[in-house]
Amino acid sequence: MDKNRASINQKGISMFKVAATYIGTVVGAGFASGQEMLQFFAIFGIRGLLGLILVTILFMVFGYIIMGMGKELGAESHLEIIKYCGGRLLSPIIDYLITFFLFGALTAMIAGAGALVNQQLGLNPLWGNALMAVFTAVTVLTGIKGVINSISAVVPFLVTSAVGVSLISVVFIPPTTVNNILVSESSSVLITNWLWAAILYISYNMVLSISVLGPLGVQAKDKKTIRNGAVLGGIGLGAAAIAIYFAIEKNLDAVQSMEIPMIFIASRIGYVLQIIYAVVLVAEIYTTAVGSLYGFAARVTDIDSKKARYYIIGTAVLALVASQLGFSNLVRYLYPVVGYGGVVMLVALVFARFKAMRSVGG
């Protein structure tokens, strides 16, 4: 493994691999289900689209900052970057925030599995919650080897499915009803306007992604590769998000109270596509849940120790209990809360970047 890693570092991965990994890190069940686009953007109508354009630019900017900083520091995790930009005062706070959100993401994924089972099969959501919690815990207990490969295998299908369903819906499927009314009451009270929605959205995504993006920068061939990969990744994320946004907007009356909006939209196109999308979404929920549980457990204990199994099982049980809050509620309230905390991290990143540029200039 060390030889492979050394070989990769020597050769350096391409901008396409950087972009694909970036997209795969950000795209999760909240993105693919349509909940994020609904709660953060579609509810603001055309202003939500302006928010998504801003988000696309910020994905490029912060992706480049984090990966570039990771390369400069030789980061093996998010800690090196956090300590560098946060200092002694902020770095522990940001570290705790990232660790907390790993648990929050696990909880949201377990809740998402329950919502999917309920919407697709009409069963009690607890069945889906429990099964996802068990499978996730068992996977982490028996070793995480191969999970990273499975994540990268699922991502192309997920993005293709999400964009494909969205484009077909926008072009060929008539709207549920005509509705241009701003549906702000379905949004979280924590998301007050489209501009804050965009900032909070990029913020919590960077909180969750920094653990991967920092080390990813080390693997990249050079700074030019990082820059091009960040731009390509940002454009890919923005294009996929905008496609889903238009599909949600067109079906807003029908989906604003649904846990998994994109499943309903897929069902309007055809039953086969609905099933395919549901299967891909389950796979994405599972891989995101496994990564979140493993990341959380590895942060709070020695993952190779005997006591780790108790942390893993205990965390899965706590997440199962917390998942009863419901998938849409977690996206509506948990994600913005983490987003507010993450703004501190974004400011620290920008400040550290400008400070480094000034010292080079001086």
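Just so you know, the working numbering puts 89 at position 92 of the sequence shown, and the rest follows in order with no gaps.
Don't be surprised by glycine CBs; every beta carbon is placed ideally from N, CA and C.
Enclosing alpha helix (DSSP H) for residue i [first to last residue]
{"i": "M255", "result": "Note, M255: premise wrong, no alpha helix (DSSP H); not H, not E."}
{"i": "E69", "result": "I43 to L70"}
{"i": "S206", "result": "W191 to Q216"}
{"i": "L322", "result": "No alpha helix (DSSP H) holds L322; DSSP gives it neither H nor E."}
{"i": "S11", "result": "Counting along the chain, S11 falls outside any alpha helix (DSSP H), and DSSP gives it neither H nor E."}
{"i": "A134", "result": "P122 to L138"}
{"i": "Y283", "result": "Y268 to V297"}
{"i": "Y329", "result": "According to the sequence displayed, residue 329 carries Arg and not Tyr. Note, R329: premise wrong, no alpha helix (DSSP H); not H, not E."}
{"i": "E246", "result": "K220 to K247"}
{"i": "F100", "result": "H75 to L118"}
{"i": "G27", "result": "A26 to S30"}
Contact check, residue i vs residue j, beta carbons under 8 Å
{"i": "F59", "j": "Y198", "result": "no"}
{"i": "Y307", "j": "V137", "result": "no"}
{"i": "A29", "j": "L278", "result": "yes"}
{"i": "M259", "j": "V162", "result": "yes"}
{"i": "W191", "j": "R44", "result": "yes"}
{"i": "M203", "j": "I79", "result": "no"}
{"i": "L234", "j": "I20", "result": "yes"}
{"i": "A305", "j": "A313", "result": "no"}
{"i": "S208", "j": "I282", "result": "no"}
{"i": "A237", "j": "V341", "result": "no"}
{"i": "A195", "j": "G48", "result": "yes"}
{"i": "Q271", "j": "S264", "result": "yes"}
{"i": "I309", "j": "A134", "result": "yes"}
{"i": "E77", "j": "L70", "result": "yes"}
Buried or exposed (CB count within 10 angstroms, at least 16 for buried), residue i
{"i": "F41", "result": "buried"}
{"i": "P212", "result": "buried"}
{"i": "T189", "result": "exposed"}
{"i": "K303", "result": "exposed"}
{"i": "M34", "result": "buried"}
{"i": "E246", "result": "buried"}
{"i": "I91", "result": "buried"}
{"i": "R355", "result": "exposed"}
{"i": "F324", "result": "buried"}
{"i": "G109", "result": "buried"}
{"i": "F98", "result": "buried"}
{"i": "E73", "result": "exposed"}
{"i": "V175", "result": "Residue confidence for V175 is low, a pLDDT of 45 falling below 50, so the modelled location carries little weight; the figure read from the coordinates is stated next. V175 should be labelled exposed."}
{"i": "N126", "result": "buried"}
{"i": "V287", "result": "buried"}
{"i": "N248", "result": "buried"}
{"i": "L229", "result": "buried"}
{"i": "G311", "result": "exposed"}
{"i": "L120", "result": "exposed"}
{"i": "T18", "result": "buried"}
{"i": "G338", "result": "buried"}
{"i": "G267", "result": "exposed"}
7 Å CB neighbourhood of residue i in its chain, flanking five on each side removed
{"i": "N285", "result": "Here residue 285 turns out to be Thr, not Asn, going by the sequence shown. Within the same chain, T285 has close Cβ partners G25, A26, A102 and M106."}
{"i": "I178", "result": "Its pLDDT being 42, under 50, I178 is placed unreliably in this model, and the value from its coordinates should be taken loosely. Nothing listed; no residue qualifies."}
{"i": "R224", "result": "Y61"}
{"i": "G363", "result": "Beyond the ends of the chain as shown, which are -2 and 359, falls residue 363; an answer cannot be given."}
{"i": "S206", "result": "T22 and V23"}
{"i": "A217", "result": "G9, I10, V15, M64, K68, I223 and G226"}
{"i": "A319", "result": "T104"}
6 Å CB neighbourhood of residue i in its chain, flanking five on each side removed
{"i": "K68", "result": "G214 and V215"}
{"i": "L331", "result": "G101"}
{"i": "A280", "result": "V151"}
{"i": "S88", "result": "I79 and K80"}
Close beta carbons around residue i, own chain, < 8 Å, minus the five adjacent residues each side
{"i": "S181", "result": "Interpretation of S181 is limited by its pLDDT of 43, a score under 50 that renders its predicted location unreliable; the figure taken from the coordinates is listed afterwards. Excluding residues within five positions, the ones whose Cβ falls inside 8 Å are I40 and F41."}
{"i": "I232", "result": "T53 and M57"}
Contact with chain B by residue i, beta-carbon distance below 8 Å
{"i": "L94", "result": "The structure shown contains no chain B; it is built from a single protein chain."}
*Does the segment 50 to 68 touch the segment 199 to 212, meaning 3 or more C-beta pairs lie closer than 8 Å?*
yes
*Examine the Cβ distances between the segment 236 to 245 and the segment 162 to 170 and report whether three or more of them are shorter than 8 Å.*
yes
*asked:* Check whether the segment 294 to 301 and the segment 120 to 133 are in contact - that is, three or more C-beta pairs closer than 8 Å.
replied: no
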